[in-house]
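Undergrad:
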Amino acid sequence: MFPQNLLHILGMLPSALACVHGATPSYNFTRRGNATVPPLKKIAIENVRVFDGFKLEHPRRVIIDRGYISDDPSGIEEVVEGNGKVLIPGLMDSHLHATSVSALEELSSYGVTTAFNMNCYNYTACDILRDQPGLTSAFFAGIPAVGPGSNHERLLRLPDSLLVNSSSQAPEFVSWAFGNNSDYYKIISEPDGCDQGIQNALVEAAHRRGKKAMTHSSYLEYFKMAVKSGSDGLQHTVADGLVPESTIQQIRAQGQYVTPTLTIFYQSLKNASTIEFLTGEPTTNQTVGNGTMNTAAMHKAGVPLLAGTDAIGVIPPIDTPFGLSLHWELEHLVEIGMTPAEALRAATIVPAFWHGHEDRGAILPGKRADLVLLNSNPLENITNTRDISKVWIGGIEYKDVVSLS
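Numbered according to mature numbering (1 follows the signal peptide of the UniProt record, and there is no 0), the sequence shown spans residues -18 to -1, 1 to 387.
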């Protein structure tokens, strides 16, 4: 039988490979380009068709003023001619594992201006990565809640002090994570992992602090546990069976959201060499078909879906490059029934709302100037999100963009 740890391994692989050698994950803080960040200034982007979340507006001017969108036309210092191109909010990847400045640079080059990392094993390093002017904004979960005897414990060789054994420990573990500047709390729902009582207690402890909980849950039985716990964000869709309609309605009724990460299912379940590399077995009881059908059913029912990739970079035979993989995810979301506009919302205004970062995600006065200028219309074909002309992050232009037109 296929071990129920494929996504656990994928999500933790950079850390796991380091653990095998008794080291910590690699955190590289060196920029490949000029480390000097240009001063913020007032910029007018002329004659651009702005994506308002539903449609493209008629060509108009957008003003960047010291890192934010403005409606004040005075004192313009630089003019960028848009020539009728399309301006969208900066894209957000709601599930990845970036541990270096080079990963932030890759994300920036593809127009991904905000990244929600789903673990952190070095709080000091993560704090450094979250403060890189002109590069992708990074937010982090801390060390996740892992149960003794679970796949994550075996994979990461976590010491007993980092394992959650009972619900009475929930306040301590949650307090420690947020005391170390975690942005949200991550729970692992898996075989031999945190039971229902522990998951409930961890979510409650996070909510008492006014914080959000995220739960990794890729198998149906454990997905249901995550739903029942009231965790805010359900990470991954389900691929070993079909999610009952009653569970989907429960997600919607409880105000939860799902980050399906379809890209990682395509990358792993349609690649025999990856499956065997990760598990030692050539087959699996998961299917891409189940994953896409479940995601489509949740979308049809009105469950909020966020675009996320589970990207870890390129570690052969695993191929989830930072930045590019989010464009793949947008294509997969369209394939399950979203319109291109809905897919764009899943990577802009929707994650901004559900992650509680409403200072971004839309092109409106007062919002962060996280912007992507496209040469062609993504509402006609979602692959046009790859046809990048310019990227601004917090009002600073990122020069080394990648255009795959």
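We put the beta carbon where it would ideally sit given N, CA and C, even for glycine.
#1: Enumerate in chain order the residues of its own chain whose CB-to-CB distance from Gly64 is below 6 Å, with the five nearest sequence positions on each side excluded.
#2: Taking contact to mean at least 3 C-beta pairs separated by less than 8 Å, is the stretch 211 to 228 in contact with the stretch 271 to 281?
#3: Applying the criterion that 16 or more other CB atoms from any shown protein chain within 10 Å of the CB defines a buried residue, is Asn147 buried or exposed?
#4: Pro322 lies in the alpha helix (DSSP H); which residues open and close that run?
#5: May I ask you to report which of helix, strand or coil DSSP gives Gly93?
#6: Please state whether DSSP places Leu117 in a helix, a strand or coil.
#7: From the DSSP output, which residues share a beta bridge with Leu38?
#8: Taking the DSSP output, what are the residues bridged to Gln268?
#9: Which parts of the stretch 64 to 108 are runs of the alpha helix (DSSP H), unbroken and 4 residues or longer, counting only runs that do not cross its ends?
#10: Closest to Leu88 by CA distance: which of Ala120, Ile70, Val44 and Pro71 is it?
#11: Pull up the distance between the alpha-carbon of Pro141 and that of Val209, whole angstroms please.
#12: What is the DSSP secondary structure of Gly4, reduced to helix, strand or coil?
#13: Using alpha carbons as the reference points, say which of Asn182, Glu154 and Arg112 lies closest to Asp165.
#14: Can you tell me whether Gln238 is helix, strand or coil according to DSSP?
#15: For Arg43, which three-state DSSP category applies?
#16: Pull up the distance between the alpha-carbon of Gly377 and that of Leu353, whole angstroms please.
#17: Can you give the Cα-Cα distance for Asp292 and Ser56, rounded to whole angstroms?
#18: Mind checking whether Ser211 and Ala195 have CB atoms under 9 Å apart?
#19: Is the beta carbon of Val332 less than 9 Å from the beta carbon of Met280?
#20: Name the two residues that bound the continuous alpha helix (DSSP H) containing Gln249.
#21: Please state whether DSSP places Ser371 in a helix, a strand or coil.
#22: Is Ala127 helix, strand or coil when you go by DSSP?
#23: Say whether the stretch 131 to 139 touches the stretch 186 to 193, bearing in mind that this needs 3 or more beta-carbon pairs closer than 8 Å, one atom from each stretch.
#24: Round the Cβ separation of Ala289 and Ala323 to the nearest angstrom and send it over; I've been treating them as touching at under 8 Å.
#25: In three-state DSSP terms, what is Lys194?
#26: Please name the residue in Val68, Thr197 and Ser84 whose C-alpha comes closest to that of Ser371.
#27: Using a 10 Å radius around the Cβ and a threshold of 16 neighbouring Cβ atoms, would you call Phe36 buried or exposed?
#28: Count the other CB atoms within 10 Å of the CB of Pro130; is the residue buried (16 or more) or exposed (fewer)?
#29: Report the three-state DSSP secondary structure of Val220 (helix, strand or coil).
#30: Using C-beta distances below 6 Å, list every residue in its chain close to Ala325, excluding the 5 sequence neighbours before and after it, in chain order.
#31: Once you ignore the five residues that flank Gln232 on each side, which residues in its own chain have a CB closer than 6 Å to its CB?
#32: Taking C-alpha atoms, which residue in Gly124, Ile294, Ser132 and Ala278 lies nearest to Ser157?
#33: Whole angstroms is fine: what's the gap from Ser200's alpha carbon to Asn357's?
#34: So, with DSSP's three-state summary, where would you put Leu288?
#35: Taking the alpha-carbon positions, what's the Val61 to Arg368 distance?
#36: With H, G and I counted as helix, E and B as strand and the rest as coil, what does DSSP make of Ile110?
TA: Taking the structure as given:
#1: In the sequence shown, residue 64 corresponds to position 82, counting from 1. Cβ within range, chain order: Ile27, Glu28, Asn29 and Val30.
#2: yes
#3: The count along the sequence shown starts at 1 and reaches residue 147 at position 165. Answer is exposed; the Cβ neighbour count stays below 16.
#4: In the sequence shown, residue 322 corresponds to position 340, counting from 1. It spans Pro322 to Ala328 - the alpha helix (DSSP H) in which Pro322 sits, taken as one unbroken run.
#5: Counted from its first residue, the sequence shown places residue 93 at position 111. In this structure, Gly93 counts as coil in the three-state DSSP scheme.
#6: Indexing the sequence shown from 1 puts residue 117 at position 135. Coil.
#7: Locating residue 38 in the sequence shown gives position 56, where the first residue counts as 1. DSSP lists Phe33 as partners of Leu38.
#8: The sequence position of residue 268 within the sequence shown is 286, counting from 1. Paired residue(s): none; Gln268 is not in a bridge.
#9: 83 to 91
#10: Working through the sequence shown from its first residue, we reach residue 88 at position 106. Here the sequence assigns Glu to residue 88, which means Leu is not the residue at that position. The shortest C-alpha separation from Glu88 is found at Ala120.
#11: Numbered from its first residue, the sequence shown carries residue 141 at position 159. Numbered from its first residue, the sequence shown carries residue 209 at position 227. Those two C-alpha atoms are separated by around 28 Å.
#12: One-based indexing of the sequence shown puts residue 4 at position 22. Residue placement at Gly4 is poorly supported in this model, since its pLDDT is 28, which falls under 50; the coordinates still yield a value, given next. It is coil, neither helix nor strand.
#13: Counting from 1 along the sequence shown, the entry for residue 165 is found at position 183. The shortest Cα separation from Asp165 among Asn182, Glu154 and Arg112 belongs to Arg112.
#14: What you label residue 238 is simply residue 256 of the sequence shown in a count that begins at 1. Reduced to three states, the DSSP call for Gln238 is coil.
#15: Taking the sequence shown and counting its residues from 1, one reaches residue 43 at position 61. Of the three classes helix, strand and coil, the one that applies to Arg43 here is strand, per DSSP.
#16: For this step, residue 377 is matched to residue 395 along the sequence shown. For this step, residue 353 is matched to residue 371 along the sequence shown. Gly377 and Leu353: Cα-Cα distance of roughly 8 Å.
#17: Numbered from 1 along the sequence shown, position 310 holds the residue referred to as residue 292. Numbered from 1 along the sequence shown, position 74 holds the residue referred to as residue 56. Rounded to whole angstroms, Asp292 to Ser56 spans 43 Å at the Cα level.
#18: In the sequence shown, the residue the question calls residue 211 occupies position 229. In the sequence shown, the residue the question calls residue 195 occupies position 213. Cβ atoms of Ser211 and Ala195: closer than 9 Å.
#19: As a first step, residue 332 is located in the sequence shown; it is residue number 350 there, counting from the start. As a first step, residue 280 is located in the sequence shown; it is residue number 298 there, counting from the start. No, the pair does not count as a contact, with Cβ atoms beyond the cut-off.
#20: Position 267 of the sequence shown, counted from the start, is the residue given in the question as residue 249. It spans Leu244 to Leu251 - the alpha helix (DSSP H) in which Gln249 sits, taken as one unbroken run.
#21: By one-based count along the sequence shown, residue 371 stands at place 389. Looking at Ser371 - three-state DSSP - the assignment turns out to be strand.
#22: Residue 127 sits at position 145 when you count from the first residue of the sequence shown. Strand, per DSSP.
#23: no
#24: Working through the sequence shown from its first residue, we reach residue 289 at position 307. Working through the sequence shown from its first residue, we reach residue 323 at position 341. Not confirmed; about 13 Å, so no contact.
#25: The residue you call residue 194 lines up with position 212 of the sequence shown. The answer is coil: DSSP assigns Lys194 none of H, G, I, E or B.
#26: To locate residue 371, count along the sequence shown from 1; it is residue 389. Selected option, being the one with the closest Cα: Val68.
#27: Counted from its first residue, the sequence shown places residue 36 at position 54. Exposed, by the Cβ-count rule.
#28: Indexing the sequence shown from 1 puts residue 130 at position 148. Exposed, because fewer than 16 other Cβ atoms sit within 10 Å of the Cβ of Pro130.
#29: Residue 220 sits at position 238 when you count from the first residue of the sequence shown. It is coil, neither helix nor strand.
#30: Numbered from its first residue, the sequence shown carries residue 325 at position 343. Excluding residues within five positions, the ones whose Cβ falls inside 6 Å are Leu312, Leu315, Val316 and Ile364.
#31: Numbered from its first residue, the sequence shown carries residue 232 at position 250. Counting only Cβ-Cβ distances below 6 Å, and skipping sequence neighbours, we find Val209.
#32: Along the sequence shown, read from residue 1 onward, the residue named residue 157 stands at position 175. Nearest option by C-alpha distance: Gly124.
#33: Sequence index remark: in the sequence shown, residue 200 carries index 218 (1-based). Sequence index remark: in the sequence shown, residue 357 carries index 375 (1-based). Approximately 37 Å, taken between the alpha carbons.
#34: If you number the sequence shown from 1, residue 288 lands on position 306. Leu288 falls in the coil class under three-state DSSP.
#35: As a working note, residue 61 is residue 79 in the sequence shown. As a working note, residue 368 is residue 386 in the sequence shown. In a straight line, the C-alpha of Val61 is about 24 Å away from that of Arg368.
#36: Taking the first residue of the sequence shown as position 1, residue 110 is located at position 128. In this structure, Ile110 counts as helix in the three-state DSSP scheme.
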